[in-house]
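Written below as structure tokens is the structure these notes are about.
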Amino acid sequence: MSMFVSCKDYEDDINANKDDITALQNQLADLQTTLSNELSSVRSEFNTQISDAKAQLQAAIDQKADQATVTALEARVATLEGDLAAKEAALNAKIDAVNEAVTGLDGRLESVEEALATITAMTGDFEELQKTVNDLKGRVEALESLDIATIAREAVAKDLETQQKALEDFKQQIADADYQGQIDKLKDQIEALPTADDLKDLADKLEAYDIENIEKRVSAAEEAIAELQNSLSDYATVTSVDELEKALQKQIDDLNNLISGEGGLNDNINTLTVFVEKLLNSISLVPDLYVGGIEAVEFRVLSYVPVVPGTSGTGELKIAPVYVDNGQTTATYRLNPSSVKEENIDAENIDFVAATAEVRAVLDNSPVAFNGIESFKNGLMTVKLKKTTTGSLDLGNNKTYIVALKVPRFNKDNTTTDIYSENSRLVETTFRPRIAKLAWNASDAQHHYADSTSIWNSKVDNNELVTTEVYYNETKNLAELVTGCYLNGADKHTQITRDELKKYGIAFRFAIPSKTYNTAASNGTDQQKFATVTPEGVISSKLPDGVTNNMACVGKEPIVRIMLCDTVNNNLLDERYMKIKWSQKMLDDVTLDDKADNFVLGCNDVKAEMTWDWLITKVYAKVQAEGLDQATFEKIYPADKIEWNAKNTNEGTVKDILEFKTTTNENGDALAATWVLSPDFIGNVTNEKDQKKVFKKEIIFKSTMPAQYPDLKMEWTITITLPELPAIAGYFDTYWFEKYNTYDVLPVQYGTPAQTENKVKYYNNLTSAFGYTSEWGKGNNFFIKNMTECGSWDLQFSVVQEHISGYSVLNKNLDDAGINNDDFNGYMLNNGSYVSARLKWENGRTQSWGTSYDTESTPYLFVPRREDAWNLINPLAQADEKGIPARTHDKKINMSVWAKINGHNKVLVKKYDVCLIAPIRVDAVSKGGFEEGIVNGSVVDAGKLVSITDFRGYAVAKTAIGNPTEFEKYAVQLWNYYDVKSIEFHLDKAKYTLAVNDGSVVANNDLAYADAMTASKLSELTNKAVDLSLSQSGNNIVFKNNGGSNVEEMFYVYVPVTVEYAYGKLTEYVKIPVYPRGQVPASVKRR
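If you count the sequence shown from 1, you need to add 18 to reach our numbering.
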């Protein structure tokens, strides 16, 4: 399979790749910081408890308490110490794992590859998503294959609307799940990667939202289909077959379109899969040359006319030009996506497809061939090309070769797909190289070195045309000072390196000309007799008599001829000259002491100082030992010539400024230099591996006489460490269900001062769990200690919600201060498009993160009375002996307390869980019973079957309770306060505690509702001899035995009952006894 893909602009890919690198480093550092802070917090908390327990133990011993008390306190100390050791071990194991991951990073690119590998690992999750959707599709197809007509003939009219509504509800559930939106959101999140928290959050969301929700929907579909088949099979009346067929077929068509239609789930999953799996989907040339506005791949042919030696490359021989064609070039292509790896393509079968621009027919034999991959990095692949013909690539007659690169990519099924670039023009250009200086600077008028006339006219010992000075007792490779130059198609001087020239058989050669050079030289000394050079360019000093490395060479300036030679054809292409000067090193290399300063991170600029005492002791004293006094030193190394790197930065509040002082006061503690770093330049230290950040500058004392006195270097470092980190100052112990880990949030109780509305709500001050036992600023009590003067704090929903599925925090801009509270993501817990819980701030705060000394602001947890919030609430269990329902704690909302040391350094102070406790529970305990054999049916008052109790143990009822106790007298008010909307008995779903045992239908009163028997099943098993029914008349539930058979043994009937109120629907199963005629116990109240 093959396809052509149009060229697109992917210039942002490299920057995106760099962002990926930085993001991964920050994520690992964030994880280290979080774990380290958590370890510090655990140690602090446990050490406080252990200290308290030991103090109590010592007090008990001092006061001669009984042995049981002492033993108990000793056991508590041991338990706390054991718990601390266990938690430390667990956290240290995590920290070690993270450190090992950091250590294993081999360079920035490998960090990127690890992040990409992590994302790729998620492919399995998407495969599961695909499998699930395919499974759903298969079930829909199974539904489609049902014999609708046969089923319909067994349906009665009253079931048609019910079954159609069930399928419509199923369709609506799929629509409400917003799979398209979830896929789009996942694509955005993957593109925004990654944070380690981001990667984990994304994986959590994938697992918690998509797969789980689809599985729930599939399960619902199975139940709906099963219920349809079971219930319709009970009937034999044919009604509105056409209507049923049309309704069912519409649902089938809609579901098929949702899954397989244009833009449906399958299309979007395929798109997302390609993105995540990093499959190559397009390539495009990164051109160096355009010809006639068309992108071109250039083959360069070297062309020259040999020159006469001694003419500085200007005297050409009168012969035909020489052409040197190595038949090779390279071309760079941009890959999309940029994270494609080399192992994902079939490099052995990369090829070029060629055509001529006029006929557009593909050529059987391309004039160029793929010759290997030169480099593969950051989304760019540079390939090598070679000519397959000895002829020219210029066809003439307005014809030209065009080529497209074909790259086979590996697919998941081990097949390959050919990806093609757009066509590019093949061109062949000629160039003539010349000798040039290195370092390369095309704007330098002398970048081609001197010709023979200029060099021999220059004066000796007048610093004219000296290329470099070399110590007389050392050698120097002059080849390091030369490169090639040619004029490109735009007549621009362009460098061609020695290595590139070597591919054409061209090389540099060096020689000492024999011509005398003594222009203006003292005593007329011939400078050429004081040097020797190898053909490859290594020069060394010598005296006329051949003695080497002699001081008599100092000051001599020999000329060196540079030649550019065709080593294959033995021709000279160019010739130039340079001059060197022999010198003597007056000061040996001196190792200066480095300077190191340490500071603790804070709110203000860091200012390091270098005093004259330090400079004199650490620098001047070093060179004096080499015979250089201070006055001479300052002349050779003047203060205004001192350099350093990295360079200074001074952009607003971002400051990294090193300054050496020009002063005549060079005594004592007078400042020689200062180095200022601002907090905005220092940035984030909490993310650093060792919780510190080191800044370095290399100080260079520049010599005014570099040939004799080398530059001197030292290193100045500033190390920034963290202060004592913010931590919880104390707790209000009695508020914690699980001490310092789980905190219960109760509804606002009726009749208390906290009640501000006539309906129940959740509105809880989350800082009431902490003790305001520290100070932040003068006289400002606060629950976080070690806060800085510029610090700030925040309480947010944790990004990772570990105990509740379907709810999430948008992980974006959570560190940004100054965002309006209503718009800040950290204050919102989302369920799809709904905000199901929110933090509302009182006492001053209107924007995220507040301000410094913000000790009064109070975050309240608010939960709206909507269905999207119901799954956050923990139901109440059965009441205890005091009549108060027990609390459950399965659904926990993770909260995080944060503090900032300054605007760039955030610390996780505390992470804990919040449990929302349900306002009410339904107590389905029957106080009545049915009696079999009553003509008009046995009646039980529904009010005797169900009661409602709130979380404090107060009764909730629609009508007043006679002779009420304290816990019953507010029943009616609480009915309205909790907004009880209805109590519904689902008589159609009633079941009886009857079962088949050894072929007999027997009473088994231990059966649960799920295992009990329906009335229709009982009727079927007794050949319709036993026909039990339930009906409701007003507030009465009526039981009848319509079959005439007698009941001789008591059994129960389960009736589901649902109470709907402000925060959801509660369903319980009331178990009502059915007694044989005349056997109702006196304790059972009958109507």
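Virtual Cβ for every residue (Gly too), placed ideally from N, Cα, C. Please read all numbers here as calculations on a predicted model, not as lab measurements.
Quick one: using the 10 Å Cβ neighbour count with 16 as the cut-off for buried, is residue i buried or exposed?
i	result
E949	buried
F755	exposed
E807	exposed
Q85	exposed
E984	exposed
S357	buried
D252	Reliability of the predicted coordinates at D252 is poor, the pLDDT of 41 falling under 50, and no value is obtained from them.
Q814	buried
N55	buried
V294	For V294, the pLDDT reaches just 49, beneath the cut-off of 50, and the residue's location in the model is therefore unreliable, although a value from the coordinates is still provided. So V294 ends up on the buried side.
Y996	buried
N981	exposed
N110	exposed
S854	buried
A214	Here the model assigns A214 a pLDDT of 42, short of 50, so the residue's position is not dependable and the matter cannot be decided.
Q1097	exposed
D872	buried
P697	buried
Since residue i and residue j should fall inside the 8 Å C-beta cutoff, what is the C-beta to C-beta distance between them, to a whole number of angstroms?
i	j	result
W693	A626	4 Å
A78	V88	5 Å
S1063	A1043	5 Å
Y761	Y988	That pair is no contact at about 27 Å.
T406	V386	6 Å
K910	F880	Contact doesn't hold; Cβ gap of about 18 Å is too wide.
N848	V818	Actually they are not in contact, since the Cβ atoms of N848 and V818 sit about 14 Å apart, beyond 8 Å.
F449	L320	6 Å
Q513	G523	About 19 Å; that fails the 8 Å criterion.
Y15	V401	For the chain, the structure presents residues 19 to 1105; residue 15 sits outside this window and is missing.
Which residue wins for smallest C-alpha separation from residue i, given the options the options?
i	options	result
Y535	A525, K477, T501	K477
K553	T543, S540, A529, P562	Note that residue 553 is Pro in the sequence shown here, rather than Lys. Ranking T543, S540, A529, P562 by Cα distance to P553 puts A529 first.
S866	W916, N912, P1091	W916
S59	G748, Q896, W811, T760	G748
Y1027	T650, A1013, V953, K653	A1013
K417	D101, V445, L496	V445
L1134	D997, N622, A1033, V624	Lying outside 19 to 1105, the shown extent of the chain, residue 1134 is not represented and no answer is given.
N491	V637, D840, N568	N568
F11	L730, Y727, D369, V624	Only positions 19 to 1105 of the chain appear in this structure, which leaves residue 11 out of reach.
R939	V1075, D812, D834, L303	V1075
V1056	D872, E440, V957	V957
P339	V325, Y780, K640	V325
C583	T543, K520, N389	K520
D101	N65, E669, D80, D114	N65
F526	D968, E593, K715	E593
Y655	R884, V712, D729	D729
R516	S461, N666, K533, R452	R452
Taking 7 Å as the cut-off, decide whether the C-beta atoms of residue i and residue j are in contact.
i	j	result
A4	L633	Shown here, the chain extends from 19 to 1105; a query on residue 4 therefore has no answer.
V1088	S944	yes
Y1070	P1091	yes
L890	P903	no
T704	N923	yes
I301	V425	yes
S62	A745	yes
G435	R427	The residue you asked about is not Gly; residue 435 is Thr in the sequence shown. It is a contact, given that the beta carbons lie within the stated cut-off.
K1058	G955	yes
S470	S330	yes
V925	T739	no
I717	W662	yes
With a threshold of 6 Å (Cβ to nearest heavy atom), would residue i be considered close to the ligand MG?
i	result
Q546	For the structure depicted, the ligand MG is absent and the ligand set is empty, with no information on it obtainable.
Cβ contact check for the stretch 574-584 and the stretch 305-317: 3 or more pairs under 8 Å: no
With a cut-off of 8 Å, do at least 3 Cβ pairs link the stretch 600-614 to the stretch 664-674? no
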